[in-house]
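Heads up: the sequence shown runs through residues 1 to 147, numbered per full-length UniProt numbering. The structure appears right after this line, and notes come after that.
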Amino acid sequence: MRINALRARPRRRGKPKDDSERSVIADTILDRDCHADRPNQNWQAAFTEVLPSGTIRAMAQNANVNGLQTWGANLVAVPWMPMADAGVEEQVVQDMIRVCHTGKEALGTSFGAFNGADFDNMAPANVMPYHPGATRYHKGVGMPKGN
């Protein structure tokens with residue numbers, strides 16, 4: 001094999017520490033007992049329980065959009081909401097939110113998906129607490145924050 005510039009696959013030295021067992025969906029999601037009003041609607045009930053502010057949008061086939069050239073698709077849409085670690089300085093987060101809130105046209109030009117974002121409602125109800133810099137910006141411009 002070396003003559004042909006090929007290398008043999010290196011042998012694994014030991015067993016993986018986690019037995020390579022992975023779950024795509026968290027166990028807490030699978031254990032939910034969601035009530036559906038109609039047949040075949042359990043997935044919608046589970047979706048709204050896990051992500052109440054999200055919606056499912058049907059996208060028609062479109063030859064000009066990557067991923068939709070051959071067929072349409074149902075996409076999950078959630079409120080646009082930037083996230084930051086508590087260690088990020090308040091002023092940095094406040095400036096980032098301000099740029100996004102006031103620069104929708106430039107953002108839409110750079111990446112078309114931003115054209116559909118509702119920057120006037122950047123603070124939807126959320127389980128995770130808002131960064132103090134984001135809260136300060138939201139209050140400063142009178143943007144309502146969801147409960």
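Glycine included, every Cβ here is placed at the ideal spot set by N, Cα and C.
Taking I56 as reference, the option from A46, A134, A86 and Q94 with the minimal CA-CA separation is A46.
In the structure shown, V92 adopts helical secondary structure according to DSSP, grouped into three states.
Annotated as distal: G54 and A73, with beta-carbon spacing of 9 Å or more. Listed in chain order, the non-local C-beta contacts of F114 below 6 Å within the same chain comprise L107 and G108, local neighbours out to five positions each way being set aside.
By the criterion of a C-beta distance shorter than 6 Å, A117 is surrounded in its chain by W80, once the five residues flanking it on both sides are discounted. Burial state of A134 is buried, judged by a 10 Å Cβ sphere holding 16 or more other Cβ atoms.
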